[in-house]
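To keep things clear, I will list the structure first and then write my remarks on it.
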Amino acid sequence: MTATFGFRVAARDGRARLGEMTTPHGLVQTPAFMPVGTQGAVKAMLPRDLIEVGAEVILANTYHLYLRPGDERIARHGGLHRFIGWDRPILTDSGGYQAFSLGERRTIDERGITFQSHLDGSTHLLTPEKATDIQANLGSDIAMVLDECLGYPATRDEAAASMERTLRWEARCRRRFVELQERNGQREADHGRPSGQRTTTDDYPLPAASCPSTMLGAALSAPKGCQLPAVCVTNPGQAQFGIVQGGTHIDIRVASAQATVELGFEAYAVGGLSVGEPPDLMYETVGETTPILPDDRPRYLMGTGTPVDLVEAVALGVDLFDCVMPTRNARNGQLFTSEGRLNIKNAQYSDDPRPADPRCGCYACRHFSRAYLRHLFVAGEITAATLNTLHNLTFYLDTMKRIREAIAFSSLEQLRHDYRRVFSRRSVNS
Ligand SMILES: [Zn+2]
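The sequence shown begins at 17 in this note's numbering and counts up one residue at a time.
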């Protein structure tokens, strides 16, 4: 097991990069798509299924795992990888997005996000420090900072205020992350940073306006060398990504990107997109942001997207993606195919002997007809979710493979054209 995070660009096609991301749990070929394993499981999939479809990294949700079964319990079981039986890389989000979207009676202030659990109504305060601690307990390979998720549309003033709060939260997350690493005795290693990058808590003064000392709890004032209570760094090689915010206001995005890079993280994400804005506005925002992010670090576009989004964003210099679309749509009977989207529940497939996608090599397409897949779906069989998810994840991960090959052969432009043509239609049936 390697202990450091790293990234190497092997080839380029325009702004697109073919790369290799190193994590404590192995390599990820980029551009990469991360299937979403919300509660420590990708719905309807076993880890062996994920390996078969070619997943090299998955995403897990901090909010859900914190509430149930609890990050401290997962730490006692050796961290998330051991707990869920997945020994490849894992990225965890900060929990902020779900706390805001699922939590009840949630409020945001400078301390963090106060919310009531959607499970039992209990009240919780998710601070930047808490989000960092939870992810240390989980031991993901990549932890995300707590950011404020802004809806669309947002005024310029709203976007600026939200972006600035996110920056203050990011500084607190970084400080906590470095402190945990120091206490764990891991900071002597370079940890994959470029020389000159800041690596001690002294390099991360708390923003004066934002952080009364009580907010940070007793743990921060504990003597050096003291293990923080209830926090166990289960993955000493964990990396932390900063997040660029700012809505669709380009100048605010640019300021956010510059300031986030200045804070110094292992890599950077573009957040707060795919929240209802038109696709072209999303592409424009991404396209103006990626050039500001360091060339030698992976770039992660959070929560996106459709197959066309993947190809378009790669062409703008994005390396990592996650989205619930392939798994959620599979459970709703919508399949992604080389000919466009296909709704397996439609009556026209009742006697169709063809596989879901004749060009797909997945287990579902090798063994079963559209007629059988439709029957399983209509009958409400659990197997429908499994087979449809196997197929959709195969389509997404094959798309990433095609993207990587296209970059290697400088033919990404042709692939963009092909995907736009196929997915401009609403579905195969229409
Ligand atoms: Zn298939």
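Cβ coordinates follow ideal geometry from the N, Cα and C atoms, glycine included.
Rounded C-alpha distance that separates residue i from residue j
{"i": "Gly-30", "j": "Ala-331", "result": "7 Å"}
{"i": "Leu-279", "j": "Val-340", "result": "30 Å"}
{"i": "Val-334", "j": "His-433", "result": "18 Å"}
{"i": "Asn-200", "j": "Pro-252", "result": "8 Å"}
{"i": "Cys-248", "j": "Gly-128", "result": "22 Å"}
{"i": "Glu-328", "j": "Ala-255", "result": "27 Å"}
{"i": "His-97", "j": "Leu-81", "result": "13 Å"}
{"i": "Asp-414", "j": "Phe-352", "result": "11 Å"}
{"i": "Val-161", "j": "Phe-257", "result": "6 Å"}
{"i": "Leu-232", "j": "Thr-139", "result": "Note on Leu-232: pLDDT 34, under 50, position unreliable in the model; no value is reported."}
{"i": "Asp-65", "j": "Gly-292", "result": "32 Å"}
{"i": "Ser-427", "j": "Phe-411", "result": "19 Å"}
{"i": "Pro-63", "j": "Met-50", "result": "13 Å"}
{"i": "Tyr-435", "j": "Leu-326", "result": "10 Å"}
{"i": "Pro-294", "j": "Leu-317", "result": "16 Å"}
{"i": "Asp-338", "j": "Pro-47", "result": "11 Å"}
{"i": "Asn-77", "j": "Gly-56", "result": "8 Å"}
{"i": "Ala-26", "j": "Leu-34", "result": "6 Å"}
Buried or exposed (CB count within 10 angstroms, at least 16 for buried), residue i
{"i": "Gln-8", "result": "For residue 8 there is no data in the structure shown, the boundaries of the chain being 17 and 446."}
{"i": "Phe-425", "result": "exposed"}
{"i": "Asn-348", "result": "exposed"}
{"i": "Gln-274", "result": "exposed"}
{"i": "Glu-397", "result": "exposed"}
{"i": "Leu-336", "result": "buried"}
{"i": "Glu-421", "result": "exposed"}
{"i": "His-265", "result": "buried"}
{"i": "Arg-357", "result": "buried"}
{"i": "Ala-32", "result": "buried"}
{"i": "Glu-204", "result": "With a pLDDT of 45 at Glu-204, under the threshold of 50, the predicted position of this residue should be treated as unreliable, and no value is reported."}
{"i": "Gln-364", "result": "exposed"}
{"i": "Gln-430", "result": "exposed"}
8 Å Cβ cutoff met for residue i and residue j
{"i": "Ser-290", "j": "Gly-262", "result": "no"}
{"i": "Gly-94", "j": "Thr-250", "result": "yes"}
{"i": "Leu-154", "j": "Asp-87", "result": "yes"}
{"i": "Val-302", "j": "Thr-276", "result": "no"}
{"i": "Gly-288", "j": "Cys-165", "result": "yes"}
{"i": "Ala-395", "j": "Arg-386", "result": "no"}
{"i": "Val-286", "j": "Phe-439", "result": "no"}
{"i": "Ile-106", "j": "Ile-67", "result": "no"}
{"i": "Ala-400", "j": "Leu-392", "result": "yes"}
{"i": "Leu-389", "j": "Leu-403", "result": "yes"}
{"i": "Ile-268", "j": "Ala-176", "result": "yes"}
{"i": "Ala-283", "j": "Pro-307", "result": "no"}
{"i": "Val-444", "j": "Glu-355", "result": "yes"}
{"i": "Gln-114", "j": "Tyr-79", "result": "yes"}
{"i": "Leu-135", "j": "Leu-83", "result": "yes"}
{"i": "Glu-72", "j": "Arg-104", "result": "yes"}
Open item on the list: Using only Cβ atoms and a threshold of 6 Å, which residues come within that distance of a heavy atom of ligand 1? Order them by chain position.
Closed with: The set, ordered by position in the chain, is Ala-372, Asp-373, Cys-376, Cys-378, Ala-380, Cys-381, His-407, Thr-410.
TODO: Check whether the stretch 185 to 200 touches the stretch 136 to 147, counting contact only when three or more Cβ pairs, one atom from each stretch, lie closer than 8 Å.
DONE: The stretch 185 to 200 vs the stretch 136 to 147: in contact.
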